[in-house]
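Worksheet: the structure to be examined is printed underneath.
Number of protein chains: 2
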Amino acid sequence: MNSEDALSQEEAPLTIAQMAERTGLSADTLRYYEKAGLIEPVGRSAGNQRRYAATDLDWVEFLLRLRTTGMSIADMQRFARLRADGKATVADRLAVLREHRSGLDERIRALQQNADALDKKIDHYERLLSPRPETERI
Amino acid sequence: MNSEDALSQEEAPLTIAQMAERTGLSADTLRYYEKAGLIEPVGRSAGNQRRYAATDLDWVEFLLRLRTTGMSIADMQRFARLRADGKATVADRLAVLREHRSGLDERIRALQQNADALDKKIDHYERLLSPRPETERI
DNA sequence: CTAGAACTTGGAGTGCACTCCAGGTCAAAT
DNA sequence: ATTTGACCTGGAGTGCACTCCAAGTTCTAG
């Protein structure tokens, strides 16, 4: 999805605007996430402006994965805190991820089921629209 | 999912509490939906209490399908209004449903993709936890 | 050196989808 | 006749996840 990611090894840090562009989050949301403890205090320029490292980008992309799969800010905060607490919490983090993962399966399953039901409804509407089946022509 | 549904042909209408139980919505939410125009004004008892017919239940279950597949209240309002406007809007309703359906496919796809990425992360954590690969034993 | 764009902060405001509440009505049971 | 409980209404309040704002500072291009 991102051809520039390959370059992000020891690249120059990103300004908040660049970070916003790459993640799709607004600068406001990036600050909000940091204030909320989702992102640990990020590097600063001499003049106190944020400079995001490649690892920050990776982490935000991971957060976005959690978010789009339905994790709340509160749960992401818990995860971020575990992460900040270092290697000792790896087992805990694994447990959280597994839990989230299985809930995700459940939700995908439900979505599929509802999609199937919607298809039936759509069929129904299509039949209402076609004036007659028109079998036995010719 | 519901073995009682088969009986709901010409059954006695439901009170709001019974409706809440069957749909999983709260009584407050049922009233809210009605006030918002999602449910058309429902039948009343002599004493002005709501009595939901089987068709109301079907409709609410359909709304719930739209909701769990991510449709906003505002969009459901539009759909409900089309429905209230009768047969002339069938084509419009079909269009809305098709649109929603394809967005749904998109979201399921994205969810799957993110689920796969989470699986990788989980693998990563699992490898961190198992002290050593332990190849070449015996 | 300076103009203007981009950044900083704390805090207020927004939109969504409910959820709760107060004060009142109605039906059934004691 | 009265208590109890389910229901009614309009409207206020909640939690979430941002989003916007004002006033001030810093960065960058000319």
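Those sequence lines, one after another, are chains D and V. Number 52 in the UniProt record's numbering belongs to position 52 of the first sequence; there are no gaps in the numbering. Number 52 in the UniProt record's numbering belongs to position 52 of the second sequence; there are no gaps in the numbering. All residues carry an ideal CB built from backbone N, CA and C; glycine is no exception. The structure presented is a predicted model; accordingly, all values stated were derived computationally and were not measured.
- Under the rule that a run must span 3 or more residues, no beta strand (DSSP E) segment is found entirely inside the UniProt domain "HTH merR-type" (13 to 82) of chain V.
- With at least 16 other beta carbons inside 10 angstroms of its own, D/Leu118 counts as buried.
- DSSP places V/Glu106 within a helical segment (H, G or I) once states are collapsed to three.
- Inter-residue distance for D/Pro131 and V/Ala110 is about 37 Å (C-alpha atoms, whole angstroms).
- Cβ atoms of V/Leu104 and D/Lys121 stay farther apart than 8 Å, at about 12 Å.
- About 35 Å separates the Cβ atoms of V/Thr69 and D/Ala17, ruling out a contact at the 8 Å cut-off.
- Pairing D/Gly24 with D/Ile39, the inter-Cα distance amounts to about 16 Å.
- Assigned with DSSP and collapsed to three states, D/Glu126 falls in helix.
- One finds Val90, Ala91, Leu94 in chain V with Cβ atoms closer than 7 Å to the Cβ of D/Leu129, taken in chain order.
- Within chain V, the C-beta atoms nearer than 7 Å to that of D/Asn114 come from Arg65, Thr68, Thr69, in chain order.
- Note on geometry: alpha-carbon atoms of V/Arg51 and V/Arg107 lie some 37 Å from one another.
- Under the three-state reduction of DSSP output, D/Asp92 falls in the helix class.
- The beta carbons of D/Leu94 and V/Leu129 sit about 7 Å from each other, so the pair counts as a contact at 8 Å.
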